[in-house]
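In our numbering, the protein residues as written are 435 to 744.
A short worksheet on the structure shown next.
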């Protein structure tokens, strides 16, 4: 075999993707996607009116795929800083299992397909909201806010707050005060949730040059902001009951959950050094996930499943 043949063989081999299906699944950020699907399902079920079960399932799948597509685009653009952080270094692109071009093409194709199909099976308002969500997360947050301002999570959190509004719009073809309240709960929940993690991973973010609040403004200011946002979150979390589109079970869940969130935020504010401070942040991060899940789960069962049965 000639040298030319050897070279051509090597080039052909290099063109063959080394990625496995699980690597492309990882690009979709399945843990984040699961929360997106759940909150979107709540908006879809709680919304007045109805959607054929098949169309509802397809709409929910489109929202999930759109969220996953934005995650893939995020990983494509952030591959350089992901490689510098312990938490993200094993992701498919920095680990060398998926080529950047593959991730970009994967994210773009899924983005277009999810928006088009949602528009066809539901309505174009829902599709437009999904398209805006993908754009906001992949471009506004990932390409601009994340590397530019310590308020990246505050503004960028809007991307994760849209799914229940999209689910609501898929059924009703409109945006209402109820869907805006669901949006606001997630929007205000996002900063204390992620800043608790940022307190634990601040060295990682500093190494990668990401201007997270603890890196730029210090841990004490981050603790103060967590407390302030949590004090706002607690009453906002009860807003569905105040506005009469949630019942007693939701009122009790949001009240108790809000009190625990405030207590954990105060605990973070008080514990400022050593292992105790890290544990306080870890408890806040873990419970905040449970808190949000509980709010939407109770609302889903109370106003969706139970209401439809009785």
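Every residue, glycine too, gets a C-beta built ideally from N, C-alpha and C.
All figures in this text were calculated on a predicted structure; none of them were measured in a lab.
- Excluding the 5 residues flanking it on each side, residue 549 has same chain C-beta neighbours closer than 7 Å at 500, 561, 564 and 565, in chain order.
- Annotation for residue 713: the continuous alpha helix (DSSP H) segment containing it runs 708 to 733.
- DSSP places residue 644 in the coil class of the three-state scheme, outside both helix and strand.
- Residues 525 and 526 of the same chain have their beta carbon placed closer than 8 Å to that of residue 460, with the five preceding and five following residues left out of the count.
- Runs of the alpha helix (DSSP H) lying entirely within the region 637 to 711 and spanning at least 4 residues, in chain order: 647 to 651, 653 to 671, 673 to 676 and 682 to 704.
- Excluding five sequence positions before and after residue 538, the CB atoms of its chain that fall closer than 6 Å to its own CB belong to 510, given in chain order.
- The region 567 to 574 makes contact with the region 489 to 508: 3 or more CB pairs, one atom from each, lie closer than 8 Å.
- Taking the C-beta atoms as reference points, residue 476 is found no nearer than 8 Å to residue 594.
- Per DSSP, reduced to three states, the secondary structure at residue 599 is helical.
- Distances from the CA of residue 515 to each of 496, 637, 482 and 492 were compared; the closest alpha carbon is that of 637.
- Approximately 5 Å separates the beta-carbon atoms of residue 483 and residue 605; this is inside 8 Å, confirming the contact.
- Our two residues, residue 580 and residue 688, have alpha carbons roughly 30 Å apart in a direct line.
- In terms of Cα proximity to residue 544, the closest of 660, 710, 496 and 683 is 496.
- For residue 528, the secondary structure class from DSSP, reduced to helix, strand or coil, is coil.
- For residue 523, the secondary structure class from DSSP, reduced to helix, strand or coil, is coil.
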